[in-house]
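Taking mature numbering (1 follows the signal peptide of the UniProt record, and there is no 0), I'd label the letters of the sequence shown as residues -22 to -1, 1 to 78.
Here a beta-carbon is modelled for each residue, glycine too, at the ideal position from N, C-alpha and C.
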Amino acid sequence: MRKTTNICIALAMTAFSFSASAGLRCDNGLVSEGDTTLEVELKCGKPVNSSVTNPATDADGNLLEGGATVERWVYGPNNGMYRYLRFVDGTLVDIDSKRQ
């Protein structure tokens, strides 16, 4: 009985992890978390808006430990839906969609 319960829990967690993975369909392919900025731009073109936050530095201009470059890109509207992409050090880590 316990083995069956563990298997059911493992399957449910696997299914949830696949459904939680975000993707974005563009004219030239599917974009997924883990893609680089270059891959996304080749598949989706230039974003309608973007911003870059550079890593934090100390008074001497040295990068602080754990600092990262964060980019935010916006695509849309497509049927009233905007897509918000967040990259950390050039890798896509989050895709969010909002209707506005």
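Heavy atom of the ligand ZN within 7 Å of residue i beta-carbon
{"i": "residue 9", "result": "This structure lacks the ligand ZN; in fact it carries no ligand of any kind."}
Selection from the options that minimises the alpha carbon distance to residue i
{"i": "residue 17", "options": "29, 47 and 3", "result": "3"}
{"i": "residue 58", "options": "26, 77 and 9", "result": "77"}
Beta-carbon proximity of residue i to residue j, cut-off 8 Å
{"i": "residue 47", "j": "residue 30", "result": "yes"}
{"i": "residue 1", "j": "residue 73", "result": "yes"}
{"i": "residue 26", "j": "residue 54", "result": "yes"}
{"i": "residue 28", "j": "residue 50", "result": "yes"}
Own chain partners of residue i with C-beta closer than 7 Å, once the 5 adjacent residues on each side are dropped
{"i": "residue 45", "result": "33 and 34"}
{"i": "residue 69", "result": "12 and 14"}
Distance, residue j Cα to residue i Cα
{"i": "residue 63", "j": "residue 36", "result": "28 Å"}
{"i": "residue 20", "j": "residue 9", "result": "10 Å"}
{"i": "residue 42", "j": "residue 67", "result": "14 Å"}
{"i": "residue 60", "j": "residue 39", "result": "36 Å"}
{"i": "residue 56", "j": "residue 24", "result": "14 Å"}
Beta-carbon proximity list for residue i, same chain, < 8 Å, skipping 5 on both sides
{"i": "residue 22", "result": "2, 4, 5, 6, 9 and 53"}
Contact set for residue i: own chain, Cβ-Cβ below 6 Å, skip 5 residues either direction
{"i": "residue 65", "result": "15 and 49"}
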